[in-house]
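So the sequence shown is numbered by our numbering: it starts at 916 and just counts up by one.
C-beta atoms are modelled at their ideal positions from N, C-alpha and C, and glycine is treated no differently.
Following: one structure in structure tokens, then a few remarks.
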Amino acid sequence: MTAKELRNMYVSFFRERGHREIPSASLLPENDPTVLFTTAGMHPLVPYLLGEKHPLGRRLTDVQKCIRTSDIDEVGDDVHLTFFEMMGNWSLGDYFKEESVSMSYEFLTKHLHIPPERLAVTVFAGDETAPADQETAQAWKRLGLKEEQIFRYGREENWWGPVGRTGPCGPDTEIFYDFGKPRCGENCGPACTCGKYVEIWNNVFLLFNKEEDGSLTELAQKNVDTGMGLERVLTIFNGKTNVYETELFLPLMERLEELGAGKELPLRDRRIIAEHVRAVTFILGDPRRIVPSNTEQGYILRRLIRRVIRLLQKAGMDSGCLCGLSAMVIDQYRDIYPELGENRGFILEELQKEHALFSRTLEEGLRKANRYLDSLKADSLEAERPGTDSLKAEQLGADSLEANSPESRKSAMLSGELAFKLYDTYGFPIEFTAELARERGFSVDMNGFRRKFEEHQEKSRKASAGKFAGGLAEHSEQTARLHTATHLLGGALRKVLGEEVSQRGSNINAERLRFDFSFGRKVTKEELAQVEAIVNEAIDRKIDVILEEMPPQEAWRSGAIGIFSEKYGDMVKVYTIPGYSREICGGPHAANTGELGGFRILKEEASSAGVRRIKAVLESRES
Ligand code: SER
């Protein structure tokens, strides 16, 4: 069976049982601000699980793209993935436990033809906050499952959600495929990691909402939320043992072989490359246009891309082949997820930029990291042979002094300071440094790293708050005018250079504005002249700047742009200059574009790889 057939089979099964199909939502949650990525099909449905009426009714089904970074350390085994497709069905206060498990059973045994004896299920055993789920256990028995196929576990295994701090949650029943291997021991069961069982479906009974204070409130409606892993089911149905043998990964794995990865890289690393390439292609291909950065979703994206680059380099391969591998993913999935085809240029360009940015510092950073780790190694060897002189600090350079300090010698731990230096100077994500250290048998002082990181953030916060406060107090009206000019400039750049231009930074002082934006090449004189003309046209037209307040979701939906990594509150301000710009922004702005004066670009230059910088001024003019 192909992936396409499986998707169709699932959705048709539930459509025939009264469910309406909904499209896969963005990987960046719009309806659930408690999570960075859509990790399950239920995130886009949170308002409806809480009681809002869904326009398509009470029975829904879909195939949702998901990102789960919590499983990143398992990637490379047979079944764990950071990106996967989740097939799901929902009852929004409609059917409940009995009907849900019986539909699942029918789909598994009659449509996927899994022999009933190959199934194992788990149910919630109960604890002080919620009772044991007897009804579901009984329902499984009525369907014919034997007592030894039904396992009862506590909260750890059989309570789902919320993923963030708050949100819908409840007891679940998980369905496993039993590969038929002998049990690894007396306690072997679905919760065991020996490989006998693999989870394929999870039916959650979302009955509660977890509140800010940690308490559970009962929901007004009893919901069912199920999710089935497409890649895993495809693996099992086709008699394979791991997801990399399915059509979804086979071409990538073969290509890696052709490129010579097989000689140098262990299988696990090759699988990680294939898996992460697919994940980053989907993140970059998402209509919400996330780019690599040092915060939130952008950071996760960066971390995945940089891990791939390092593994490719480790294999002695040209890490630029990352783009070729990503193009394979695009071509493979574009029929089902047209956004990948539509964003092809953007995806490959961003990968190329990140590659250019990182491969420059990677080699030097690796040399540094290895030197630090060598010094730790030398220290631990010396510690085993007391009385001999330890490796001289001068041999290692001044900045490795700390690696040689008595504290790190004791624990064979890379210090937080060095880990921060690798992060700050060489762009090594901390998880990546931890991985390097682990490969050499060391750990990293994560708390020390966090302290350094926070100190650094505090310093930059103070620096920018200081600048901003001073600027505003002295020159508030001119600042507001320059701020409005910045929005006009952003809008004009998108008109002339394309919608992919996005703001990377902005700084205003009494004299000028400075605007950083993503763009891969120098902007030509002609283009700059066009941009200038558009801004001046908006000024000449004396347009009122409109301020509205609304919830962030509504702002996004209405096409307002904003810096997505920023945390927005319940309500945001949206400033619109009709025909030119619509942005989420704190203000302040000029009331009318006519107040701005003449707009002139002073300079266009590179700011960093893939980022351009424009400086411009407003000049007084007679109107
Ligand atoms: N939300 C549940 C899960 O992620 C079922 O989809 O497992």
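| Item | Value |
| --- | --- |
| Assuming contact is defined by CB atoms lying nearer than 9 Å, are A1284 and Y1341 in contact in what I supplied? | yes |
| Over what stretch of residues does the beta strand (DSSP E) that includes R1217 continue unbroken? | Per DSSP, R1217 belongs to no beta strand (DSSP E); it is in the alpha helix (DSSP H), E1211 to K1229. |
| For the ligand SER, is there a heavy atom less than 8 Å away from the beta-carbon of T1081? | no |
| Look at the alpha carbon of G1512 and the alpha carbon of E1469, and state the distance between them as a whole number of angstroms. | 33 Å |
| Less than 8 Å separating the Cβ of G1076 from some heavy atom of the ligand HEM? | Looking at this structure, you won't find the ligand HEM anywhere; what it does contain is the ligand SER. |
| Where P1301 and S1358 are concerned, what is the direct C-alpha to C-alpha distance, given to the nearest angstrom? | Residue placement at P1301 cannot be trusted, given a pLDDT of 48 that sits under 50; what the coordinates show is reported in the next sentence. Whole-angstrom Cα-Cα distance: 23 Å. |
| Is there at least one non-hydrogen atom of the ligand SER closer than 8 Å to the beta-carbon of M1232? | no |
| Using the three-state DSSP reduction, which class does C981 fall into: helix, strand or coil? | strand |
| Quick one: using the 10 Å Cβ neighbour count with 16 as the cut-off for buried, is A1271 buried or exposed? | exposed |
| Count the other C-beta atoms from every protein chain shown that fall within 10 angstroms of the C-beta of D1264, then say buried if there are 16 or more, exposed otherwise. | Rather than Asp, the amino acid found at residue 1264 in this sequence is Glu. Buried is the call here. |
| With distance defined between alpha-carbon atoms, name the residue in E1254, Y1248, R1203 and L1180 nearest to V1223. | L1180 |
| Tell me where the beta strand (DSSP E) around P1083 begins and ends. | G1082 to D1093 |
| Taking all protein chains shown into account, decide if I1205 is buried (16 or more other Cβ within 10 angstroms of its Cβ) or exposed. | buried |
| Do you know how far the Cα of P1207 is from the Cα of L1216? | 6 Å |
| By Cβ distance below 6 Å, which residues in the same chain neighbour D1093 in space, the five residues on each side in sequence not counted? | R1033, A1035 and Y1112 |
| Would you tell me roughly how many angstroms separate the C-alpha atoms of K1488 and G1474, rounded to the nearest one? | 13 Å |
| List the endpoints of the continuous beta strand (DSSP E) containing S1421. | Q1418 to I1423 |
| Please tell me whether, using a cut-off of 8 Å, the distance from the CB of T1491 to the nearest non-hydrogen atom of the ligand SER is below it. | no |
| For T917 and E1160, I'd like the C-alpha separation in whole angstroms. | 12 Å |
| Using DSSP with H/G/I as helix, E/B as strand and the rest coil, what is N1285? | helix |
| When the distance is taken between beta carbons, is L1145 closer than 9 Å to W1075? | no |
| How long is the line joining the alpha carbons of W1005 and D1184, rounded to whole angstroms? | 37 Å |
| Cutting at 7 Å between CB atoms, please list the residues of its own chain near R1155, excluding the five before and the five after it. | Rather than Arg, the amino acid found at residue 1155 in this sequence is Lys. T1161. |
| Tell me the rounded alpha-carbon separation between G1386 and L1443. | Here G1386 scores only 34 on pLDDT, less than 50, and its place in the model should not be relied on; the value that follows carries that caveat. So the two alpha carbons sit approximately 27 Å from each other. |
| Indicate whether E1072 and P1105 have their beta-carbon atoms separated by less than 9 Å. | yes |
| Could you pull out every residue in the same chain whose Cβ sits closer than 6 Å to the Cβ of R1528, ignoring the five residues on either side in sequence? | D1431, E1520 and S1522 |
| Kindly indicate which three-state DSSP category E1392 falls into: helix, strand or coil? | helix |
| Note the first and the last residue of the continuous alpha helix (DSSP H) segment covering I1151. | L1145 to F1152 |
| Excluding the 5 residues flanking E1254 on each side, which residues of the same chain have their C-beta closer than 6 Å to its C-beta? | G1200 and P1202 |
| Grab the span of the alpha helix (DSSP H) containing S1433 for me, first residue to last. | Premise fails: S1433 lies in the beta strand (DSSP E), L1428 to S1433, not in any alpha helix (DSSP H). |
| Which residue from N1157, M1232 and G1239 puts its Cα closest to that of T1196? | G1239 |
| For the structure I just gave you, are there three or more beta carbon pairs, one from the segment 1361-1375 and one from the segment 1331-1341, closer than 8 Å? | yes |
| Near Y1010, what residues of its chain come up, given a Cβ to Cβ distance below 6 Å and the 5 sequence neighbours on each side ignored? | none |
| Alpha carbon to alpha carbon, what distance is there between D986 and E1043? | 29 Å |
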